[in-house]
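In my numbering, the protein residues as written are 1 to 917.
To start, the structure itself, in structure tokens.
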Amino acid sequence: MASRRDFLKYSGAGFCGLLSGLPDELLARVQDVDDPLSSYPYRAWEDFYRKEFAATRGNSQGYAFHCSNCQGNCAFLVFAKDGVVTREEQLAQYPQISPDIPDPNPRGCNKGTIHSQAMYEKDRLLYPLKRAGARGEGKWQRVSWDQATGEIADKVVDTLAKHGPGGLMVYTGTGILSQGRRAGPLRLGSLLGAIRLYPSSAVGDMFTGATLAYGIPNVGTSLDAWFEMDYIVLWSFNPNVTRIPDAHYLWEAKWRGAKVVVVSPDYNPTATHADWWIPINPGSDSFLAMSLVHVVLKEKLYKEDFIREQTDLTFLVREDNGRLLRMSDLRKDGKDDVFYCWNEVTKAATPMPGTQGHFRKTLRLGALKPALAGRFEVEGADGKPIAVTTVFEMVRAEAAKFSPEETQKHTGIHPSLVVKLAREYAAAHDPGLTIGFSLHKYAWGILACWAQALFCALTGHDVVDTEHQWSLGGIGPLSSPKPARFESGFLGEWLSGRMWETFKQHYESKEFASRAGLAPDDLVKLAEQSRSNKWLTNFGEPRVRILFADNMFRRNKSSEHYKKAVLDATDLYVNVNFRMDSSAELADYVLPAISHYEGWDIRGEVGYHRYVNLTVPPPGLKPVGETKSEWEICRLLAAKIEQAAKHRGLASMPDPVFTVEKDGKKEPVTRDLDTLHTDYTMQGKLNTDKDVVKWLIENVPAFKPWKFEDAVERGFLVLNNEAGLTSPLYADKPYRSFEEQFYLKRPYRTLSGRQQFYIDQEVFLKLGCVVPTARESLHPAKFPLKFYSPHTRWGIHSTWRSNKYMLRLQRGVPHVNINPGDATARGIRDGDTVRVYNNVGEFTAMAKVLPSLRPGTLMMDHAWEPHQFRKRIGMDAPVAGLLSPLELAGGWGHLKFGAEWDGNQLAYESSVDVAKS
Numbered sequence: 001m002a003s004r005r006d007f008l009k010y011s012g013a014g015f016c017g018l019l020s021g022l023p024d025e026l027l028a029r030v031q032d033v034d035d036p037l038s039s040y041p042y043r044a045w046e047d048f049y050r051k052e053f054a055a056t057r058g059n060s061q062g063y064a065f066h067c068s069n070c071q072g073n074c075a076f077l078v079f080a081k082d083g084v085v086t087r088e089e090q091l092a093q094y095p096q097i098s099p100d101i102p103d104p105n106p107r108g109c110n111k112g113t114i115h116s117q118a119m120y121e122k123d124r125l126l127y128p129l130k131r132a133g134a135r136g137e138g139k140w141q142r143v144s145w146d147q148a149t150g151e152i153a154d155k156v157v158d159t160l161a162k163h164g165p166g167g168l169m170v171y172t173g174t175g176i177l178s179q180g181r182r183a184g185p186l187r188l189g190s191l192l193g194a195i196r197l198y199p200s201s202a203v204g205d206m207f208t209g210a211t212l213a214y215g216i217p218n219v220g221t222s223l224d225a226w227f228e229m230d231y232i233v234l235w236s237f238n239p240n241v242t243r244i245p246d247a248h249y250l251w252e253a254k255w256r257g258a259k260v261v262v263v264s265p266d267y268n269p270t271a272t273h274a275d276w277w278i279p280i281n282p283g284s285d286s287f288l289a290m291s292l293v294h295v296v297l298k299e300k301l302y303k304e305d306f307i308r309e310q311t312d313l314t315f316l317v318r319e320d321n322g323r324l325l326r327m328s329d330l331r332k333d334g335k336d337d338v339f340y341c342w343n344e345v346t347k348a349a350t351p352m353p354g355t356q357g358h359f360r361k362t363l364r365l366g367a368l369k370p371a372l373a374g375r376f377e378v379e380g381a382d383g384k385p386i387a388v389t390t391v392f393e394m395v396r397a398e399a400a401k402f403s404p405e406e407t408q409k410h411t412g413i414h415p416s417l418v419v420k421l422a423r424e425y426a427a428a429h430d431p432g433l434t435i436g437f438s439l440h441k442y443a444w445g446i447l448a449c450w451a452q453a454l455f456c457a458l459t460g461h462d463v464v465d466t467e468h469q470w471s472l473g474g475i476g477p478l479s480s481p482k483p484a485r486f487e488s489g490f491l492g493e494w495l496s497g498r499m500w501e502t503f504k505q506h507y508e509s510k511e512f513a514s515r516a517g518l519a520p521d522d523l524v525k526l527a528e529q530s531r532s533n534k535w536l537t538n539f540g541e542p543r544v545r546i547l548f549a550d551n552m553f554r555r556n557k558s559s560e561h562y563k564k565a566v567l568d569a570t571d572l573y574v575n576v577n578f579r580m581d582s583s584a585e586l587a588d589y590v591l592p593a594i595s596h597y598e599g600w601d602i603r604g605e606v607g608y609h610r611y612v613n614l615t616v617p618p619p620g621l622k623p624v625g626e627t628k629s630e631w632e633i634c635r636l637l638a639a640k641i642e643q644a645a646k647h648r649g650l651a652s653m654p655d656p657v658f659t660v661e662k663d664g665k666k667e668p669v670t671r672d673l674d675t676l677h678t679d680y681t682m683q684g685k686l687n688t689d690k691d692v693v694k695w696l697i698e699n700v701p702a703f704k705p706w707k708f709e710d711a712v713e714r715g716f717l718v719l720n721n722e723a724g725l726t727s728p729l730y731a732d733k734p735y736r737s738f739e740e741q742f743y744l745k746r747p748y749r750t751l752s753g754r755q756q757f758y759i760d761q762e763v764f765l766k767l768g769c770v771v772p773t774a775r776e777s778l779h780p781a782k783f784p785l786k787f788y789s790p791h792t793r794w795g796i797h798s799t800w801r802s803n804k805y806m807l808r809l810q811r812g813v814p815h816v817n818i819n820p821g822d823a824t825a826r827g828i829r830d831g832d833t834v835r836v837y838n839n840v841g842e843f844t845a846m847a848k849v850l851p852s853l854r855p856g857t858l859m860m861d862h863a864w865e866p867h868q869f870r871k872r873i874g875m876d877a878p879v880a881g882l883l884s885p886l887e888l889a890g891g892w893g894h895l896k897f898g899a900e901w902d903g904n905q906l907a908y909e910s911s912v913d914v915a916k917s
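What follows is the structure, given as structure tokens:
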């Protein structure tokens, strides 16, 4: 059967042939019947748009990017006239890295190109404001910067004196992801020892399944590597919407011959252009991943040499207790972090090199030949025999449960499609499997990602591609001169918002336990165990919250419940923002910050592309109101806090949570309030945001050999090879992870030193998840529609979500997508106002009937502001506060809290119903 592409090609060729075969005399008879441009008197309009365009280019020029939470990070030219921004356009000057790879230009999208208007809109904050009524009432008093910072500082010092640094939160949300503008709040909070959430966890963007396998969450390639691939699987990933500047690499790869496969519940804008769309039931991804593993193992499509060397599949497991065989099992003085394989050469258990405790830090096996399969017996430290088998055998036994025929009832995917996908991926020369942020917003996204990593490992094809990876070093002395209270984002928000109450309200105990492996009460106890054991850190409830660019009361789940719990526990809430968003509306003080074009800034979006962009304001640009940069705002606060502390005789205070070694002894870190301003400015060296940008260019190794003046002249700089984390960042090649492991044979950052597919931490053992497996989604059956909210095209999260230009490109109001069958059954027509509800909360929105949506689901593009809804109750009101039990584990091997291990707020595991309002 001919493909659509072949049909168009051959029919087009036939039509051209038909024309060329016509006699010349027939073609000669085709004559013009009229020339509408031959004569008309009024032509002045022709220069109208030319003149308008020329005027918008103004009389001064600068550079900028948009530091909101978008990994695109695109450089723009910014034009101003008479001190007012008139226009922006894509810079489009990035160099091509190789003649064999398409250039990255122009980069940019509709969100960036409307900011010259958005920065002067009515929601722009112009002056410091102090609440004059009840929180959220909308009554404000305009105050001076001196008054606002002085009153805030007094309250901060009060709190430090009564509650210590743990009573203060200084948090920068994902509304600012640039290294320049984030530096101020991070540095101030660090010097004060304030609580700082881990932002990726707080918003549910951690790739915990990748951490299980690789020891780090962000792995993969730069997006230009798509062009080199011949088989691309996009799983819960919609780059035509969320990676607009880079999507061209994907479709250039397709026209070069690559096959593009999209796995998603809905027929999204990327799926429409793919070779193959695989519609999957929401939350069933772990079943599809395990069925792919099943096919690879059953048909022996795996690469033995690769998995012997690069994975822990040859490691031995005790059959009596299900734990990995350790040296401590065989020797009384043996280590707990040395593991064994069965050597087929010596017929004996042999320590595997490269593990955390082994003296040989290499993956090279030499003469060692680890057995993949089999049952063996070893002598324990007490002289008794211990029966062991391999991780590979455990994986094979688990995967046997998930044949494509068995998983179809969960995924809705026909077995033949699963087999086809597994075979084609395994046979491809250079395939890539990329997952999006949506996957880990399901309870078992962690298992799906882990199984996807196993699928890639078995086929010997690189790694699963998550948030991509490389690193910027050298920023620590600027952003974190002293230890801050770095807190688990998802657990901290869950505890602050008392979300366990909505969790227990939404999920029926018996149904939940049958799917999750533990009852709701046991999950709450596990969260407390995780906190008390310090598997995940939590410092209690802050009395003062100073938030920078964080729409906390929009993004959190069970939003109405969360809002009340947090505000009731907060004595002072300060919001630093460039616009009056839904979280700023609830603040006690609102401090107006600059937006994307008005101050100096620098941003390297590590892992997506190699270009580091600068913001250089156009000369003569006038301030918008009394706005200030985040660096200056924090400098003013530091000066006022120092002044207030000195007035009260509180020069410094010990912080026993953290210690520093002095003269061979450990002493508490001191919080030096009497020198806070001096310390903040690095003894007067960093007074402005421009100083900060210059410091970063001069001190970050990955920015060498660029000079400040050169970067300012071009508007961007290019990262060097030191930006690579597990591979070099070559100047002429796309980035790919783990060259150090594949070619230099250095260990991974895991307990086993290899890609790890056996976790014997106690929670994993209890839940039967020691190897990749699949679990049923946790959506309660008592509400019939699975509710999920993928990333919107019309905003960068809530930034620009209420912008009038973006609203004109959609329905103009919040709208929820419903399958035609589900709509008809409820008497709902397109455009009706509907109520979306469950036993946790409800909201109203417009109904949009969407045939590409699966029955039994309700989808709504994310990040609508609550103030866009009736009664200001947003779309997260009915989303219950659920945590994944596996993400609460810790204190084991490489699963220790930090940037590599934290959990996710789960946005896609609640069920709802919908009715006409």
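Every residue gets a Cβ at the ideal spot worked out from N, C-alpha and C, and that includes glycine.
- Task: Could you check the C-alpha separation between residue 867 and residue 803 for me, to the nearest Å?
- Result: Distance between the alpha carbons of residue 867 and residue 803: 13 angstroms.
- Message: On the CB-based measure, 16 or more other CB atoms within 10 Å of its CB, does residue 414 come out buried or exposed?
- Response: With fewer than 16 other CB atoms across the displayed protein chains lying within 10 angstroms of its CB, residue 414 is exposed.
- Task: Identify, in the order they occur along the chain, each residue of the same chain with its Cβ nearer than 7 angstroms to the Cβ of residue 27, setting aside the five sequence neighbours on each side.
- Result: Since pLDDT at residue 27 reaches only 49, below the 50 mark, its modelled position is unreliable, and the value read off the structure follows with that caveat. Nothing listed; no residue qualifies.
- Over the uninterrupted beta strand (DSSP E) stretch that includes residue 602, give me the two end residues. Note, residue 602: beta strand (DSSP E), 601 to 604.
- Query: Would you say residue 330 and residue 383 are within 8 angstroms of each other, going by their C-beta atoms?
  - Reply: In this structure, residue 383 does not lie closer than 8 angstroms to residue 330 by Cβ.
- Query: In the DSSP assignment, what are the bridge partners of residue 341?
  - Reply: Beta bridge pairing from DSSP links residue 341 with 315, 350.
- Task: Have a look at residue 851 and residue 128 and give me their C-alpha separation to the nearest angstrom.
- Result: For the pair residue 851 and residue 128, the Cα-to-Cα distance works out to about 48 angstroms.
- Message: Assuming the contact rule is C-beta atoms closer than 8 angstroms, residue 889 and residue 771 should be a hit. Round their C-beta distance to whole Å, please.
- Response: Their Cβ separation, rounded to whole angstroms, is 15 angstroms, which puts residue 889 and residue 771 out of contact at 8 angstroms.
- Message: Rounded to whole angstroms, what is the Cα-Cα separation between residue 235 and residue 436?
- Response: Straight across, the Cα-Cα distance linking residue 235 with residue 436 is about 7 angstroms.
- Message: Whole angstroms are fine: how far does the CA of residue 258 sit from the CA of residue 15?
- Response: Unreliable positioning characterises residue 15 in this predicted model, as indicated by a pLDDT of 44, which lies under 50. The coordinate reading is nonetheless provided below. Between residue 15 and residue 258, the C-alpha separation is close to 28 angstroms.
- Query: Roughly how many whole angstroms lie between the Cα atoms of residue 455 and residue 395?
  - Reply: Their backbone Cα atoms lie some 11 angstroms apart in a straight line.
- Using a Cβ-Cβ cut-off of 6 angstroms (strictly less than) and excluding sequence neighbours within five positions of residue 297, which residues of its own chain qualify? If we look at residue 297 and ignore the five residues flanking it on each side, its Cβ neighbours are 396, 399.
- Message: Quick check: what's the CA-CA separation for residue 891 versus residue 487?
- Response: Taking the CA atoms as reference points, residue 891 sits about 15 angstroms from residue 487.
- Task: Leaving aside the five residues before and after residue 215 along the sequence, list all residues of the same chain whose C-beta is less than 7 angstroms from its C-beta, in chain order.
- Result: Residues 748, 749, 750, 894, 900 of the same chain have their beta carbon placed closer than 7 angstroms to that of residue 215, with the five preceding and five following residues left out of the count.
- Beta-bridge partners of residue 62, as assigned by DSSP: In DSSP, residue 62 forms a bridge with 78.
- When the Cα of residue 819 is compared with those of 784, 301, 745, which residue comes out closest? Considering only 784, 301, 745, the residue with the shortest C-alpha distance to residue 819 is 784.
- Task: Give the straight-line distance between the Cα atoms of residue 281 and residue 813, rounded to the nearest whole angstrom.
- Result: Distance between the alpha carbons of residue 281 and residue 813: 28 angstroms.
- Taking the C-alpha atoms as reference points, what is the distance between residue 366 and residue 489? Straight-line Cα distance between these residues: approximately 44 angstroms.
- Message: I'd like to know whether the C-beta atoms of residue 318 and residue 391 end up nearer to each other than 8 angstroms.
- Response: For the pair residue 318 and residue 391, the CB atoms are not nearer than the 8 angstroms cut-off.
- Message: On the DSSP bridge list, what partners appear for residue 539?
- Response: Under DSSP, residue 539 takes part in no beta bridge, so it has no partner.
- Query: Between 838, 841, 846, 839, which lies nearest to residue 828 when the distance is taken from Cα to Cα?
  - Reply: The residue with the shortest Cα to Cα distance from residue 828 is 846.
- Task: Spatial neighbours of residue 320 within its chain, please: CB distance less than 8 angstroms, with the 5 preceding and 5 following residues excluded, ordered by chain position.
- Result: Cβ within range, chain order: 386, 387.
- Task: May I have the straight-line CA-CA distance separating residue 759 from residue 302, to the nearest angstrom?
- Result: The alpha-carbon separation between residue 759 and residue 302 amounts to approximately 22 angstroms.
- For residue 120, count neighbouring Cβ atoms within 10 angstroms of its own Cβ and tell me buried if that reaches 16, exposed if not. Per the 10 Å Cβ criterion, exposed.
- Contact between the segment 90 to 100 and the segment 546 to 565 (3+ Cβ pairs under 8 angstroms): Cβ pair count under 8 angstroms is below three, so no.
- Task: Assuming residue 946 and residue 669 form a contact by the criterion Cβ under 8 angstroms, report the distance between their Cβ atoms to the nearest whole angstrom.
- Result: Here the chain has residues from 1 to 917 only, and residue 946 is not among them.
- For residue 432, the first and last residue of its enclosing beta strand (DSSP E): Looking at the DSSP string, the run of the beta strand (DSSP E) that includes residue 432 is 431 to 435.
- Where does residue 22 fall in DSSP's three states? Residue confidence is low: residue 22 scores 48 on pLDDT, short of 50, so the model does not pin down where it sits. Its coordinate-derived value is still stated next. Under the three-state reduction of DSSP, residue 22 is assigned to coil, being neither helix nor strand.
- Does the separation of the CB atoms of residue 918 and residue 735 fall below 8 angstroms? In the structure displayed, the chain extends from 1 to 917; residue 918 sits before or after that span and is not available.
- Query: Which of helix, strand or coil does DSSP assign to residue 917?
  - Reply: Looking at residue 917 - three-state DSSP - the assignment turns out to be coil, as it is neither helix nor strand.
- Which of the three DSSP states, helix, strand or coil, is assigned to residue 764? Reduced to three states, the DSSP call for residue 764 is helix.
- Message: Does residue 835 come out as helix, strand or coil in the three-state DSSP assignment?
- Response: Strand, per DSSP.
- Message: Under 8 angstroms: do the segment 151 to 158 and the segment 644 to 662 share three or more Cβ pairs, one atom per stretch?
- Response: The segment 151 to 158, when compared against the segment 644 to 662, does touch it at the 8 angstroms Cβ threshold.
- Got a sec? Which residues, its chain only, sit under 7 angstroms from residue 201 by beta carbon, not counting five neighbours each side? Only 488, 489, 490, 902, 903, 904 meet the Cβ criterion.
- Which word fits residue 49, buried or exposed, when buried means at least 16 other C-beta atoms lie within 10 angstroms of its C-beta? Exposed.
- Query: How big is the Cα-Cα spacing for residue 428 and residue 460?
  - Reply: Straight-line spacing of the CA atoms in residue 428 and residue 460 works out to 11 angstroms.
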